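The block underneath contains the structure these notes are about, expressed in structure tokens.
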Amino acid sequence: MNKLSFFIFLTALAFINLGDKVARSEAPFKVPLQTRKEWNFEKEGVQFSNNFSGARLNDCTFLKDNVYVATITPENSPINRSPWYAFKITSQKKQSIEVRFLLTHPGAASKPNISFDGKKWKALEKDKWTAANSEKKTLASAQLEVGPNTIWVFAHHPVSLDDLNSWTNTLAKAPHTKITTIGKSLEGRPIKQLAIGNPDANNFVFILGRQHPPEITGSVGLMSFVDTIAMDSPLSKTFRNNFQTIVIPVVNPDGVEHGHWRSTLGGVDPNRDYGPFTQIETKAIRDSLATIAKLPKARVYLFLDFHSTFEDIFYTQRDEDQTFPLLFTKRWLNGIQEHFPDYVFKRDPGHNENLPTSKTWAYKTFGCAGITYEFGYNTSFEKVRVIASGAAEEMIKILVAETASR
Ligand SMILES: [Zn+2]
Numbered sequence: 181m182n183k184l185s186f187f188i189f190l191t192a193l194a195f196i197n198l199g200d201k202v203a204r205s206e207a208p209f210k211v212p213l214q215t216r217k218e219w220n221f222e223k224e225g226v227q228f229s230n231n232f233s234g235a236r237l238n239d240c241t242f243l244k245d246n247v248y249v250a251t252i253t254p255e256n257s258p259i260n261r262s263p264w265y266a267f268k269i270t271s272q273k274k275q276s277i278e279v280r281f282l283l284t285h286p287g288a289a290s291k292p293n294i295s296f297d298g299k300k301w302k303a304l305e306k307d308k309w310t311a312a313n314s315e316k317k318t319l320a321s322a323q324l325e326v327g328p329n330t331i332w333v334f335a336h337h338p339v340s341l342d343d344l345n346s347w348t349n350t351l352a353k354a355p356h357t358k359i360t361t362i363g364k365s366l367e368g369r370p371i372k373q374l375a376i377g378n379p380d381a382n383n384f385v386f387i388l389g390r391q392h393p394p395e396i397t398g399s400v401g402l403m404s405f406v407d408t409i410a411m412d413s414p415l416s417k418t419f420r421n422n423f424q425t426i427v428i429p430v431v432n433p434d435g436v437e438h439g440h441w442r443s444t445l446g447g448v449d450p451n452r453d454y455g456p457f458t459q460i461e462t463k464a465i466r467d468s469l470a471t472i473a474k475l476p477k478a479r480v481y482l483f484l485d486f487h488s489t490f491e492d493i494f495y496t497q498r499d500e501d502q503t504f505p506l507l508f509t510k511r512w513l514n515g516i517q518e519h520f521p522d523y524v525f526k527r528d529p530g531h532n533e534n535l536p537t538s539k540t541w542a543y544k545t546f547g548c549a550g551i552t553y554e555f556g557y558n559t560s561f562e563k564v565r566v567i568a569s570g571a572a573e574e575m576i577k578i579l580v581a582e583t584a585s586r
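In terms of this note's numbering, the sequence shown opens at residue 181 and continues consecutively.
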């Protein structure tokens, strides 16, 4: 090797080294993605697929005549025990098959919702579902009628990214609504924000949704709540004159796309990241909302974060934790109960400084009530819509009265 080529060799080596370091320090961690594919069981003429947005099916095997095992693995662990799964099955001939659900991590698969067109959904009949039994060491299993018309088998009736995008875009056409992109997810999906109401109003309500991908009734509740704010009624118009409602319908679009149980693509529970702010998604939300709250004369009256869990419940501050407006939560929940006297829901008041949830961050940062608004996984969409709309009306009544008295 002559001097010149040795020099080139050294320079190249340095660059390779440098490139390696840059890549290592800058490439953010991503959870491993499931492989999107079709599983073809040719002899049986049956095909399983996870090749679509929101799917989760990590493996599929043929066990014995008419019996298949679907393996479901979360994106990382430890993780919340609320498994999400979603796959499609097609069969050349009409036949009855059994699908057993093998969960590789703790959690219980819920009875699926099924569809034959992706639009109309129904719960699988009770007598076609057997829950897992740990004593007998048997898996949960579903008896399914399959055929040339593809059957969709989902943990819950889905609300997809497409559904949420078309809802957002429709709403954004209203004259009092503006849509912006406040950032991008780790995989480059836009994080959209709606601003509804008089752009000169200094009073704000902040609303988040879909931090946790499988929490679909939370999405349904958010849409109905926001639709009520945007509707053509005297009460809503007065509210929009006095308030801007800032809505971020999908905090975790990558998680929804990849059928995650809980995390961002970066492998972090976004609703434990409002403090560390390690994720590009939560940072975008912090920066957008904190910037709005710092505008001259801006006043934040309420922060709501829509989720789903096993019951209808509000996670709130305690009444002794002073908020602006004073005792908003107590007054609002009383209003909801009066609006729906037979509606059964819970309130869990608490303030854990060390749990970096959005509600705690919002309360500390804006001084308003920060509320995690949870609907049951199995509360019907119709009921969620009615309750969320009534809850929006009750919020509007209180906040309009607050501004009138100022
Ligand atoms: Zn949640």
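Just so it is clear, CB atoms sit at the ideal spot from N, CA and C, and this is done for glycine as well.
Every value quoted in this text rests on a predicted model; they were computed, and no experiment measured them.
Proximity below 7 angstroms, CB of residue i to CB of residue j
{"i": "I551", "j": "T496", "result": "yes"}
{"i": "A320", "j": "F281", "result": "yes"}
{"i": "R261", "j": "P292", "result": "no"}
{"i": "L513", "j": "R527", "result": "yes"}
{"i": "A568", "j": "F423", "result": "no"}
{"i": "N279", "j": "A322", "result": "Reading off the sequence, residue 279 comes out as Val, not Asn. Yes, the Cβ-Cβ distance between V279 and A322 is below 7 angstroms."}
{"i": "T348", "j": "K364", "result": "no"}
{"i": "I376", "j": "I331", "result": "no"}
{"i": "F242", "j": "F221", "result": "yes"}
{"i": "W264", "j": "W441", "result": "yes"}
{"i": "F525", "j": "D492", "result": "yes"}
{"i": "I362", "j": "S233", "result": "no"}
{"i": "L344", "j": "P254", "result": "no"}
Distance between residue j and residue i (C-alpha atoms, nearest Å)
{"i": "I269", "j": "K302", "result": "16 angstroms"}
{"i": "N313", "j": "A288", "result": "10 angstroms"}
{"i": "F494", "j": "S276", "result": "42 angstroms"}
{"i": "G570", "j": "A352", "result": "22 angstroms"}
{"i": "T489", "j": "E582", "result": "31 angstroms"}
{"i": "A470", "j": "M411", "result": "27 angstroms"}
{"i": "T357", "j": "L374", "result": "7 angstroms"}
{"i": "L415", "j": "T425", "result": "15 angstroms"}
{"i": "D501", "j": "P456", "result": "23 angstroms"}
{"i": "G368", "j": "N256", "result": "21 angstroms"}
{"i": "W309", "j": "G515", "result": "39 angstroms"}
{"i": "F508", "j": "E206", "result": "44 angstroms"}
{"i": "E325", "j": "C240", "result": "18 angstroms"}
{"i": "F561", "j": "D342", "result": "18 angstroms"}
{"i": "L402", "j": "Y557", "result": "14 angstroms"}
{"i": "K217", "j": "K223", "result": "19 angstroms"}
{"i": "M575", "j": "H487", "result": "18 angstroms"}
{"i": "S413", "j": "S585", "result": "22 angstroms"}
{"i": "Y523", "j": "K317", "result": "38 angstroms"}
{"i": "Y248", "j": "E315", "result": "22 angstroms"}
{"i": "Y553", "j": "W219", "result": "39 angstroms"}
Minimum C-alpha distance to residue i - residue among the options
{"i": "A478", "options": "V385, D239 and F525", "result": "V385"}
{"i": "G327", "options": "D501, S295 and E315", "result": "S295"}
{"i": "P476", "options": "P529, E224 and N382", "result": "N382"}
{"i": "K306", "options": "E315, K299, S290 and D297", "result": "S290"}
{"i": "A464", "options": "L388, Y557 and H440", "result": "L388"}
{"i": "I396", "options": "G435, G447, D380 and D297", "result": "G435"}
{"i": "E573", "options": "F561, Q517 and E562", "result": "Q517"}
{"i": "P258", "options": "V448, N246, E224 and N378", "result": "V448"}
{"i": "E533", "options": "S346, Y454 and K273", "result": "Y454"}
{"i": "G298", "options": "E315, V339 and K273", "result": "V339"}
Own chain partners of residue i with C-beta closer than 7 angstroms, once the 5 adjacent residues on each side are dropped
{"i": "P450", "result": "Q391, V431, N432, T444, Q459, E461 and T462"}
{"i": "F267", "result": "F228, S229, N230, A235, L237, A250 and V333"}
{"i": "L366", "result": "P208, K210, D434, T444, L445, G446 and I460"}
{"i": "K510", "result": "D499"}
{"i": "N329", "result": "F296"}
6 angstroms Cβ shell around residue i - same chain, five flanking residues per side excluded
{"i": "V480", "result": "F384, A473, F546 and C548"}
{"i": "F504", "result": "G547 and C548"}
{"i": "P529", "result": "T496 and R498"}
{"i": "L579", "result": "Y481"}
{"i": "H337", "result": "N293 and W301"}
{"i": "N421", "result": "N378"}
{"i": "T418", "result": "V580"}
{"i": "V427", "result": "L374, I387 and V406"}
{"i": "T360", "result": "Q373"}
{"i": "K274", "result": "G327"}
Cβ distance (whole Å) where residue i is taken to contact residue j below 8 angstroms
{"i": "V566", "j": "F555", "result": "Going by Cβ atoms, the distance from V566 to F555 rounds to 12 angstroms, so no, they are not a contact pair."}
{"i": "D485", "j": "S538", "result": "5 angstroms"}
{"i": "S271", "j": "V226", "result": "5 angstroms"}
{"i": "F283", "j": "I252", "result": "Checking the displayed sequence, the identity of residue 283 turns out to be Leu instead of Phe. At roughly 5 angstroms, the Cβ-Cβ gap stays under 8 angstroms, so L283 and I252 are in contact."}
{"i": "P393", "j": "G439", "result": "7 angstroms"}
{"i": "P536", "j": "R452", "result": "6 angstroms"}
Same chain only: Cβ atoms within 8 angstroms of residue i, ignoring 5 sequence neighbours per side
{"i": "K577", "result": "L415 and G515"}
{"i": "H622", "result": "With the chain represented from 181 up to 586, any question about residue 622 goes unanswered, as that position is not in the structure."}
{"i": "L437", "result": "Here residue 437 is Glu; the residue named in the question, Leu, does not match the sequence. Excluding positions up to five away in sequence, the list reads S233, G234, L341, E367 and R369."}
{"i": "R466", "result": "Y454, F457 and W541"}
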